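S.K.: Please read through the structure below; I'll follow up with questions.
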Amino acid sequence: MDIISSIELDEQPQMLPPPPGTFVDREELIQHVGEFAVSQGYVVTIKQSKRDKVVVLGCDRGGVYRNRRKHVDESTAECIRRRKTGSRLTNCPFEVVGKKDDGLWVLTVKNGTHNHEPLKDIGEHPSARRFSEKEVLLIKEMTEAGLKPRQILKRLRQSNPDLLSTPKHVYNVKAKLRQGNMSVRNYKSLRPEKSAVRNNYLSVMEPSWRQRNPPRVPNLIGGRFVDSQSFASIDVINPATQEVVSQVPLTTNEELRAAVFAAKRAFSSWRNTPITTRQRIMFKFQELIQRDIDKLAMIITNEHGKALKDAYGDVLCGLEVVEHACGLATLQIGEFVSNVSDGVDSYSIREPLGVCAGICPFDFPAMIPLWMISIAVTCGNTFILKPSEEDPGAAVMLAELAVEAGLPNGVLNIVHGSDEIINAICDDDDIKAISFVGPNSAGTYVYSRASAKGKRVQCNIGAKNHAVVMPDASMDTTLNALVTAGFGRAGQKCMALSTVVFVGGLTPWEEKLVERAKAIKVQPGIEPDSDLGPVINKQAKEFICKLIQSSVESGARLVVDGRNIVVPGYEQGNFIGPTILSHVKPSMECYKEEIWGPVLLCMEADSIEEAIDIVNRNKYGNGASIFTTSGVAARKFQTEIEVGQVGINVPISVPLPFSCYTSSKPSFAGELSFDGKAGIQFYTQIKTVTQQWKDLGDNYMPAKNLRSGLRPPILASAGYRFSTATEFSHNQRNPPRVPNLIGGSFVDSKSTTTIDVTNPATQQVVSQVPLTTNEEFKAAVAAAKHAFPSWRNTPITTRQRVMLKLQELIRRDMDKLAKNITAEQGKTLKDAHGDVFRGLEVVEHACGMATLQMGEYVPNVSSGIDTYSIREPLGVCAGICPFNFPAMIPLWMFPVAVTCGNTFILKPSEKDPGASIILAELAMEAGLPDGVLNIVHGTNDIVNAICDDDDIRAISFVGSNTAGMHIYGRASAKGKRVQSNMGAKNHGIVMPDANKDAALNALVAAGFGAAGQRCMALSTVVFVGDSESWETELVERAKALKVNAGTEPDADLGPVISKEAKERICRLIQSGVDSGAKLLLDGRNIVVPGYEKGNFIGPTILSGVTADMECYKEEIFGPVLICMKADSLEEAINILNKNKYGNGAAIFTTSGAAARKFQTEIEAGQVGINVPIPVPLPFFSFTGSKASFAGDLNFYGKAGVNFYTQIKTITQQWKDLPTGSGVSLAMPTSQKL
């Protein structure tokens, strides 16, 4: 074979067979083969199938045409019309086989070759003309409405312009629908469906399993809801009516193995999904739960029986855990210790475990699944959930919402069953951890069996929660709490307050307690006036009645008897009314057993010591409460009681999810509790890394041939929509006049002095900014001061939820924000999206504020003395913003400040205030109260007023060094806290061993992005040694950048902010040339067609720059890259360290030794290693240093929370001091002399 023919043969496109593998079921295998085939240019069909055993797939061009016509004698003169010979069938030998083996489907390739060319465009294939499932449904609806095929096709093309189908295809679909032989559910198309269409389909289509009567609850395996092959099922019965709500098939062992396999397969990809992406799925998940909370509550009431208002509480308590998971990045942070030994660093990483499982009880059908899956999957695990077979509907619906939120296939799986499936979960070697909530016997069994297999286990099991009522307690408050906690949810909750110990006797309390109990309305949960619904089933009712009767027979007095209650219209329901037993003793069966019903046991004690002894002798240790007005009694109770959760004048001491759900004694088995930090520790394991990057001498060989291409991040903005809110009056002027925001109202300033906001690309006036008057500024401060007391006392969870809503609204209006930024600031639209997105990350971070704002507590620092600290808000704070990030910098400031409980005065840049106004509108729409956020405008005068005002406690500033130092000095002199992020000259050191393509791409992106108007722009490059020769290629890459107005789709960089900025940049470039620098690329005279008046400067590169030149000493703040040279890494580090700025620095190298030397010796706050703009995500802090920052506490992260809060330390003593102890004037200490 000659060379030419060999090359031609090699270049012929090959159609690869699908990679072999193992799949959850037949449908998944077929989908895998079909999608891979389309990517290669061929289409597969099913050649042979035995549904539960084997499926054979072949190329759709396999086989040949057969002539079925009878042979005709050619001698006859009769003219016969011949059938046209088909051209598609080529007898293609391609064939793959799927076989079921041990519950899973295994794919093998029998013949992977083809004898035809691949399709150049898959759209040419006839299957591409098929309609999607949604389109078939629409065709059916439009046909019934009387539309003709051409009209139907026209409407379909309005939503899908790429539709290839013809009226003939519409006729065919109509015919099949008339004949009833088209299964819409299985009708597939080669055309990939967009996610937005899929989500819309999910929201409007009821899944097939819900359309049965009664519904048959499916498994969720590998992202698909599939009916079980099991013939055995359990009826889900409405406890109030005894109607069958649905049927739960008992998942087979094969199906469980398939679910575990799907979870195991999904794990490697999911664990490597960025934590921020996992958090954002939780953000969407909580949004969808709120959207569908009515449906969830109704499902819970129908299956479980609890009152609707109680069902809402069930969902909301679970939702709090989802919200908590939205801030998981901060909780999952590892620890880092530099230089633990000579040149050695050590750090820890919290990594997910793998496949985890959860076994749920019936009492909280939504809350308990959300306790488990939210934390587990956000930590990076995949999950197998087994809901209670009594009420699985809420768990399945939550899974549907999780899939809609973007949870990938296989991350969450659901199986059903009882003992056999629990045993299988305990025994499966691929399941690493199990969470269980339920009765004592089952929990102890699960803990023992799973622990024996080496699994992590957390078991919340039985409970007998006590309340101790002291004689000095407030009667009304205490009785209301006892009745609510004792009878709520028909007593079917692990934190039900089932036993009350009255110190001093029951007699003073009994009459009013009975009165309140009798006033409770027992009704089906769906009735609006229902206080108490039925218990879960008839067996539970019988068990409760038996325990009540045994108590009476043992000497207890039946004060209120609810056993024989009959609810009209629901005579078959499992109702038990409120029941009160007095004179109960610890030896009685009703006290020793967990009743799990609306029964309140009353005991008596002569003293608090006796009451505590009663509680401590009980085997359970979930929770206990005391009701008293005595601090001494409260502290004694808190110290001596042996339970996990203590309430002081609080009946059900269940902590919010940023604390841990802590039980003790037999109520909990395991080492790590639910929720809080302990929950995260349970679902993660620690990996400790010890690394050494020091010069390894001659044996060191730098890595070669690293993969290139450091690409900028792609922001997914599809799906956002503009706000439909009514335009404010200030937007209706031409040009608009930007308002102040004072006390919740957007008000036009009375000032006659204005500044024009000018589009930097066109010089058109976008809006006008009046300079806020002194009276208006004082009004804004007064409004913030007035709002502060109420806002600081608003629960942290409420403040967090405002941020949860704000991040949702920012996503909704991201396009609107980006367009405003581009119009006012000039940056490209994609860069403007990035501006908003990086600010949005701080809003997301603020959603986890409760964890970040936690104080500390140390009991018994001295005898009977406790000390704890509280982080409290400061009061009125203020922020002064620059022009370069109109959305990001305001979002650095006010979300953290207000979520900490402060109120805020924001002064946007007078050059581009529009984004701040839009963000304020969204904050108010999200629920931020009037006066919490206020906006004023101006220049020097308003800045000085902010610095001088005595009511403003703290100021955040980002901007130039001159302004920053003025503000820092003036405001600090007035006793204010100040954080001032200022100028920068960020350097990148390029080592000769660096990956050239990746390094040069990074330098161009970081140097010229946003036209160089970033405080973290990489404006200076130091080429070390031979890397200086890369300057030529750097220039070529810079030349390829497109300079245009930010609204143009092909623009890489837009104009600078103003004509004055352009003149200053050009002056500094010229000063560099005059001082001896070489101008490798000059962008000063660039003209952009159609935008000739714009403030454009093209990419500019100066080489041979030295440290004494003005262009190096000054921050240029434009698209100018300065190139310097160093002979060694030491010399390069010395250049950087001598520069007065210290925002950030980066090194590009493949040498770990060089990277560690740089990291250790460089004097900059933010260090990038092969990363050009090392701006940390918000769970760290923006840590500039030297002349780039003034202040003690940086922006966002833990430092940002500390900046906006102050610590209050409380030392308390609650003990009985002996009389006659005398007065001591000695310095108190914790030690006895």
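In terms of UniProt numbering, the sequence shown has 464 at position 464, counting the first letter as 1, and numbering is strictly consecutive.
C-beta: ideal position from N, C-alpha, C; glycine also.
Just so you know, these numbers come straight off a predicted model, no measurement behind them.
1) Pull up the distance between the alpha-carbon of P1174 and that of E910, whole angstroms please.
2) Would you list the residues sitting across from I755 in a DSSP beta bridge?
3) Fully enclosed by the stretch 1074-1138, which alpha helix (DSSP H) runs are 4 residues long or longer?
4) Does the separation of the CB atoms of G573 and A240 fall below 8 Å?
5) What number of angstroms, rounded off, separates the C-alpha of L874 from the C-alpha of R953?
6) By the 10 Å Cβ neighbour count, where 16 or more other Cβ atoms means buried, how is K1157 classified, buried or exposed?
7) Contact between the stretch 1080-1095 and the stretch 1106-1115: three or more CB pairs below 8 Å?
8) With distances taken Cα to Cα, identify the nearest neighbour of E755 among L771, A999, C59 and R516.
9) Going by Cα to Cα distance, which pick from S246, I955, P20 and K830 is closest to N213?
10) Among N1001, S388 and R280, which one has its Cα closest to the Cα of F1148?
11) Check for me: the alpha helix (DSSP H) holding L829 runs from which residue to which?
12) Grouping DSSP H, G and I as helix and E and B as strand, with all else coil, what is K665?
13) Quick one: Cα of N618 to Cα of E642, how far?
14) Under 8 Å by Cβ, that's how I've got F904 and L933 pegged, so tell me the actual separation to the nearest angstrom.
15) Does the Cβ of P239 lie closer than 7 Å to at least one heavy atom of the ligand SAH?
16) Contact check, C59 vs V44 under 8 Å by CB: the rounded distance?
17) Hey, quick one: how far does the alpha helix (DSSP H) through P508 stretch, first residue to last?
18) Would you kindly work out how many angstroms separate the C-alpha atoms of A779 and S751, rounded to a whole number?
19) What's the gap between the Cα of V836 and the Cα of P274?
20) So what does DSSP say about W596, is it helix, strand or coil?
21) Checking the sheet assignment: what are the DSSP bridge partners for M603?
22) Return helix, strand or coil for L809, following the three-state DSSP convention.
23) Using only the alpha-carbon positions, how far apart do F728 and L741 sit?
24) Could you name the residues of the same chain whose beta carbon sits closer than 7 Å to that of F285, not counting the 5 residues immediately before and after it, in chain order?
25) So what does G1168 bridge to, in DSSP terms?
26) Within 8 Å, do at least three Cβ pairs link the stretch 1062-1069 to the stretch 1134-1153?
27) Would you mind reading off the limits of the beta strand (DSSP E) that contains D235?
28) How many angstroms separate the CA atom of R977 from the CA atom of P890?
29) Could you compute how far the alpha carbon of K1138 sits from the alpha carbon of T1020?
30) Please report the Cβ distance between A394 and L316, rounded to the nearest whole angstrom; I am assuming they are in contact, meaning their Cβ atoms lie under 8 Å.
31) If we ignore side chains and look at the alpha-carbon of each, how far apart do M924 and E287 end up?
32) Which value, in whole angstroms, describes the spacing of the CA atoms of I293 and Q768?
33) Which whole-angstrom value is the C-beta distance of G222 and E28, which I expect to be below 8 Å?
34) Report the three-state DSSP secondary structure of D419 (helix, strand or coil).
35) Given K140, which residues of its chain have a CB within under 6 Å of its CB, disregarding the five upstream and five downstream residues?
36) So, at 7 Å on beta carbons, what are the nonlocal neighbours of K1042 in its own chain, with the 5 sequence-adjacent residues on each side left out?
M.R.: Answer, in terms of the structure:
1) Locating residue 1174 in the sequence shown gives position 1174, where the first residue counts as 1. Locating residue 910 in the sequence shown gives position 910, where the first residue counts as 1. Looking at the two C-alpha atoms, the distance is approximately 28 Å.
2) As a working mapping, residue 755 is identified with position 755 in the sequence shown. Partner(s): V769.
3) Every unbroken stretch of the alpha helix (DSSP H) spanning 4 or more residues and falling wholly within the stretch 1074-1138 is given here in chain order: 1110-1113 and 1129-1138.
4) Here residue 573 refers to the residue found at position 573 when the sequence shown is read from its first residue. Here residue 240 refers to the residue found at position 240 when the sequence shown is read from its first residue. Their beta carbons are under 8 Å apart, which means G573 touches A240 by this criterion.
5) Counting from 1 along the sequence shown, the entry for residue 874 is found at position 874. Counting from 1 along the sequence shown, the entry for residue 953 is found at position 953. Straight-line spacing of the CA atoms in L874 and R953 works out to 6 Å.
6) Walking along the sequence shown from the start, residue 1157 turns up at place 1157. By the neighbour-count rule (16 or more Cβ atoms within 10 Å), K1157 is buried.
7) no
8) Along the sequence shown, one-based indexing puts residue 755 at 755. The residue you asked about is not Glu; residue 755 is Ile in the sequence shown. The candidate whose alpha carbon is nearest that of I755 is L771.
9) Here residue 213 refers to the residue found at position 213 of the sequence shown. For the residues S246, I955, P20 and K830, the minimum Cα distance to N213 belongs to S246.
10) Here residue 1148 refers to the residue found at position 1148 when the sequence shown is read from its first residue. The shortest C-alpha separation from F1148 is found at N1001.
11) Counted from its first residue, the sequence shown places residue 829 at position 829. It spans L829 to A846 - the alpha helix (DSSP H) in which L829 sits, taken as one unbroken run.
12) What you label residue 665 is simply residue 665 of the sequence shown in a count that begins at 1. For K665, the pLDDT reaches just 49, beneath the cut-off of 50, and the residue's location in the model is therefore unreliable, leaving the point undetermined.
13) Numbered from its first residue, the sequence shown carries residue 618 at position 618. Numbered from its first residue, the sequence shown carries residue 642 at position 642. Spanning the two alpha carbons is a distance of roughly 10 Å.
14) Translated into the one-based positions of the sequence shown, residue 904 becomes position 904. Translated into the one-based positions of the sequence shown, residue 933 becomes position 933. Rounded to whole angstroms, the Cβ separation of F904 and L933 is 5 Å, and the two are in contact under 8 Å.
15) Because no ligand of any kind appears in the structure shown, any question about the ligand SAH cannot be addressed here.
16) Counted from its first residue, the sequence shown places residue 59 at position 59. Counted from its first residue, the sequence shown places residue 44 at position 44. Correct: roughly 6 Å between the Cβ atoms.
17) Numbered from its first residue, the sequence shown carries residue 508 at position 508. Taken as a continuous stretch (DSSP letters only), the alpha helix (DSSP H) holding P508 covers T507 to K518.
18) Here the question's residue 779 lines up with position 779 in the sequence shown. Here the question's residue 751 lines up with position 751 in the sequence shown. C-alpha separation (whole angstroms): 14 Å.
19) Taking the sequence shown and counting its residues from 1, the one referred to as residue 836 is at position 836. Taking the sequence shown and counting its residues from 1, the one referred to as residue 274 is at position 274. Their Cα atoms are separated by approximately 19 Å.
20) Looking up residue 596 in the sequence shown gives position 596. It is coil, neither helix nor strand.
21) One-based indexing of the sequence shown puts residue 603 at position 603. According to DSSP, M603 bridges with V501.
22) Looking up residue 809 in the sequence shown gives position 809. In the structure shown, L809 sits in a helix (DSSP, three-state: H, G or I).
23) In the sequence shown, counting from the first residue as 1, residue 728 sits at position 728. In the sequence shown, counting from the first residue as 1, residue 741 sits at position 741. Residue confidence is low: F728 scores 48 on pLDDT, short of 50, so the model does not pin down where it sits. Its coordinate-derived value is still stated next. Rounded to whole angstroms, F728 to L741 spans 12 Å at the Cα level.
24) To locate residue 285, count along the sequence shown from 1; it is residue 285. Excluding positions up to five away in sequence, the list reads V322, L401, A402 and A405.
25) Position 1168 of the sequence shown, counted from the start, is the residue given in the question as residue 1168. Beta-bridge pairing links G1168 to A1146.
26) The stretch 1134-1153 is not in contact with the stretch 1062-1069.
27) Taking the first residue of the sequence shown as position 1, residue 235 is located at position 235. That run of the beta strand (DSSP E) goes S233 to I237.
28) Here residue 977 corresponds to residue number 977 of the sequence shown, with the count starting at 1. Here residue 890 corresponds to residue number 890 of the sequence shown, with the count starting at 1. The alpha-carbon atoms of R977 and P890 are separated by roughly 18 Å.
29) Residue numbering aside, residue 1138 sits at position 1138 when the sequence shown is read from its first letter. Residue numbering aside, residue 1020 sits at position 1020 when the sequence shown is read from its first letter. Looking at the two C-alpha atoms, the distance is approximately 14 Å.
30) If you number the sequence shown from 1, residue 394 lands on position 394. If you number the sequence shown from 1, residue 316 lands on position 316. Actually they do not touch by this definition, with Cβ atoms about 13 Å apart.
31) Residue numbering aside, residue 924 sits at position 924 when the sequence shown is read from its first letter. Residue numbering aside, residue 287 sits at position 287 when the sequence shown is read from its first letter. Approximately 18 Å, taken between the alpha carbons.
32) In the sequence shown, counting from the first residue as 1, residue 293 sits at position 293. In the sequence shown, counting from the first residue as 1, residue 768 sits at position 768. Cα-Cα distance, rounded: 44 Å.
33) The count along the sequence shown starts at 1 and reaches residue 222 at position 222. The count along the sequence shown starts at 1 and reaches residue 28 at position 28. Contact flag correct, Cβ pair sits at about 6 Å.
34) Residue mapping note: residue 419 aligns to position 419 of the sequence shown, counting from 1. Helix.
35) If you number the sequence shown from 1, residue 140 lands on position 140. Closer than 6 Å at Cβ, skipping near neighbours: L177.
36) Along the sequence shown, one-based indexing puts residue 1042 at 1042. Counting only residues of its own chain and dropping the five nearest sequence neighbours on each side, K1042 has a CB closer than 7 Å to the CB of D1050, A1051 and D1052.
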